[in-house]
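Under the numbering used here, read the first sequence as residues 1 to 290, first letter to last. Glycine residues also receive a C-beta, built at the ideal position from the N, C-alpha and C atoms. One structure is given here, and the rest of the page talks about it.
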Amino acid sequence: MLGTPEESLMITVHPLLFDIAKIAESGQCFRLNETAENTWTLVALGKVLRIVKRENGDYDFSCGRSEFDAVWKHYFDLDTDYENYYAKIPASDRFLTKAARYSSGIRILNQDPWEMLITFIISQRKSIPAIRTSVEKLCERYGNRIRYRKEIFYSFPSPEKLARAGTDGILACSVGYRAPYLYHASRAVFSGELDLKRIGGLGDGELKEVLLSLYGVGIKVANCVMLFGYHRINAFPVDVWMERMISEHYRGLFPAEKYEGFAGIVQQFIFFYGRTYAGTRKLDKRAALR
DNA sequence: TGCCAGGCTTCAC
DNA sequence: GTGAAGCATGGC
1 MLGTPEESLM ITVHPLLFDI AKIAESGQCF RLNETAENTW TLVALGKVLR
51 IVKRENGDYD FSCGRSEFDA VWKHYFDLDT DYENYYAKIP ASDRFLTKAA
101 RYSSGIRILN QDPWEMLITF IISQRKSIPA IRTSVEKLCE RYGNRIRYRK
151 EIFYSFPSPE KLARAGTDGI LACSVGYRAP YLYHASRAVF SGELDLKRIG
201 GLGDGELKEV LLSLYGVGIK VANCVMLFGY HRINAFPVDV WMERMISEHY
251 RGLFPAEKYE GFAGIVQQFI FFYGRTYAGT RKLDKRAALR
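Okay, structure coming up:
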């Protein structure tokens, strides 16, 4: 029996400074999961992509060259030379140097602004595993079915689907008090009152202003949407982990102006380092005190 | 079982 | 303008 086209397509690449495991755990995307040893499955842009990491560092992407070049190369930000960013971190900042080294391979993905808006409204006061759960419920309930290698996945729901779901429908996805926020955003986009493509043409300041005008979107969520949905790499989201790191290592004041133009990338290094490495140590300490 | 989580809106003052 | 209270619910 002949396989489907998707089964027969594969491309092998070896991007520099690219680590899919770290990206999956970096807190910027919630639908990239390690589904088997050295194998990750991504649902994004209405597609399913499987990525396998080989022992020699090569990556197999389950798509053809044309799709890789047209879609995924940009999605994973593979045209950007991250070496430039690492080079700009002064050795005098030992903490940031360590965090950047630890986070080496993370890239800021080019994700869908609509998905980022909804996902990061959900994210407030939720842990990353809990965000994944809510997002997945939302997709299963209101997304489109995608059949891939005999498995069923679900695309991210459209603004129309969520707007028609209403607050009660959205509430069934474990989003709690955020349901009205999600409903309002969905209505705004579906009605055309908020044109996510058009605002992509605005400058950073104006873009942030528009995002902040949405019910349920504050400074943190606006910065996340800017960084992860509009690739405004100077956006600098500060959550409880960032506050913790800044408090511990910068006496409460991070010199973001030193990293003008790419502060968001530096932020991602600190966040990832804080939440995984330093965060684990913190948990270990707690366990030791019990 | 209780605490915490990629925060925001509302309401006193 | 500023600070505190209240908010739903899953994961550990």
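Could you tell me how far apart the beta carbons of residue i and residue j are, in whole angstroms, since I believe they sit closer than 8 angstroms?
i	j	result
Y273	S103	6 angstroms
A99	F228	Going by Cβ atoms, the distance from A99 to F228 rounds to 19 angstroms, so no, they are not a contact pair.
G264	I106	Going by Cβ atoms, the distance from G264 to I106 rounds to 11 angstroms, so no, they are not a contact pair.
Y181	G143	Actually they do not touch by this definition, with Cβ atoms about 19 angstroms apart.
V48	N38	About 18 angstroms separates the two Cβ atoms, so there is no contact after all.
T12	D58	5 angstroms
F120	E160	No, F120 and E160 are not in contact; Cβ-Cβ is about 20 angstroms, not under 8 angstroms.
R187	W241	That belief does not hold up - the Cβ atoms of R187 and W241 are roughly 32 angstroms apart, past 8 angstroms.
Residue i to residue j, Cα distance in whole Å?
i	j	result
N56	L162	43 angstroms
D239	R54	34 angstroms
A167	M116	The sequence as given places Thr at residue 167; Ala does not occur at that position. For T167 and M116, the distance between alpha carbons rounds to 19 angstroms.
F271	T41	23 angstroms
L211	L96	29 angstroms
L196	R132	23 angstroms
R149	D60	16 angstroms
W114	S158	8 angstroms
G218	G279	25 angstroms
L78	R251	35 angstroms
K126	E136	14 angstroms
C118	I199	Correcting the residue type first, residue 118 is Ile in the shown sequence and not Cys. Near 16 angstroms, if we compare the C-alpha coordinates of I199 and I118.
F76	S66	15 angstroms
H74	H249	34 angstroms
A235	R141	32 angstroms
Q111	H231	8 angstroms
D81	R178	38 angstroms
A256	R147	44 angstroms
E193	G205	19 angstroms
L202	V225	14 angstroms
I246	F254	6 angstroms
E25	Y277	12 angstroms
W72	E83	20 angstroms
P237	G261	14 angstroms
R101	R50	27 angstroms
E209	I233	17 angstroms
A87	R244	25 angstroms
L16	N223	27 angstroms
Y85	H14	20 angstroms
S134	S62	27 angstroms
A36	I152	16 angstroms
Q124	D93	30 angstroms
A91	A130	36 angstroms
Is residue i a contact residue of the ligand ATP, with contact defined as CB to any heavy atom under 8 angstroms?
i	result
A165	Judged by which ligands are present, the structure shown has none, so any question about the ligand ATP falls away.
Quick check: residue i and residue j, are their CB atoms within less than 9 angstroms of each other?
i	j	result
Y154	R164	no
I122	V43	no
L214	H184	yes
I89	V266	yes
C139	F156	yes
G46	L9	no
G27	I128	yes
request  = Decide yes or no for the touch test of the stretch 15-24 against the stretch 32-41: beta carbon pairs closer than 8 angstroms, at least 3 of them.
outcome  = yes
Uninterrupted alpha helix (DSSP H) stretches inside the stretch 221-265 (no shorter than 4 residues) = 240-249
task = Quick one: which unbroken beta strand (DSSP E) runs of 3-plus residues sit fully inside the stretch 147-213? Chain order, please.
result = Unbroken beta strand (DSSP E) runs of no fewer than 3 residues, entirely contained in the stretch 147-213, are found at 151-154, following chain order.
ask   = Can you list the alpha helix (DSSP H) stretches of 4 or more residues lying completely in the stretch 47-135, in chain order?
value = Every alpha helix (DSSP H) of 4 residues or more that sits fully in the stretch 47-135 is shown, in chain order, as 83-87, 94-102, 113-123.
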